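Reminder that position 10 of the sequence shown reads as 10 in the working numbering, one-by-one numbering, no gaps.
We treat Cβ as the ideally placed atom computed from N, Cα and C, and that holds for glycine.
Since the model is a prediction, treat every value here as computed from it, not as a measurement.
Below is one structure, written out as structure tokens; the observations come after it.
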Amino acid sequence: MKKVKTTTFAALALGAVLALGPAAEGASKKTVKVGDNFFSPKKMTVKAGTTVTWKWLSDNADSHDVKLKKGPRGVKKFSSDIAATDFSYKKKLSKKGSYSLICTLHQEMTQKITVK
Ligand SMILES: [Cu+2]
């Protein structure tokens, strides 16, 4: 009987941790501007679990995308669609490490995000 109670308590405690963890992390958000041949900011540091939103500026003349060129070990490569204006792309960065991003259409458009 005692054993069952302990297990139930452990399960509840784990459940509480799981429920609170993502909610607390979910509060972190950052926005990056995608303009004609630049990401702004070009470099930034965010907390693990931050959702980054890349927002294409409304006056862009050219098309851009955002692609993960190199990330921490185990992080799947991701890339947005190609767009010129009024577009956005969101990604939650959960794993700590260094993320190198590029626009595949403009090699000089690079961004570095450090997740700690
Ligand atoms: Cu571009």
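>> Excluding the 5 residues flanking residue 107 on each side, which residues of the same chain have their C-beta closer than 8 Å to its C-beta?
In response: Residue 107 sits at position 107 when you count from the first residue of the sequence shown. Within the same chain, residue 107 has no close Cβ partners at all.
> How is the beta strand (DSSP E) around residue 75 delimited, first residue to last?
Replying inline: Counting from 1 along the sequence shown, the entry for residue 75 is found at position 75. From DSSP, residue 75 is part of no beta strand (DSSP E); its letter is neither H nor E.
> Is residue 57 near ligand 1, in the sense that its beta carbon is under 7 Å from a heavy atom of that ligand?
Replying inline: On the sequence shown, position 57 is the one that residue 57 refers to. Not so, every heavy atom of ligand 1 lies at least 7 Å from the Cβ.
>> Three Cβ pairs or more, each shorter than 8 Å: is that satisfied between the region 78 to 85 and the region 42 to 50?
In response: Segments in contact, no.
> Roughly how many angstroms lie between the CA atoms of residue 114 and residue 44, to the nearest whole one?
Replying inline: Here residue 114 corresponds to residue number 114 of the sequence shown, with the count starting at 1. Here residue 44 corresponds to residue number 44 of the sequence shown, with the count starting at 1. Straight-line Cα distance between these residues: approximately 6 Å.
> DSSP state of residue 34, grouped into three classes?
Replying inline: Walking along the sequence shown from the start, residue 34 turns up at place 34. In this structure, residue 34 counts as strand in the three-state DSSP scheme.
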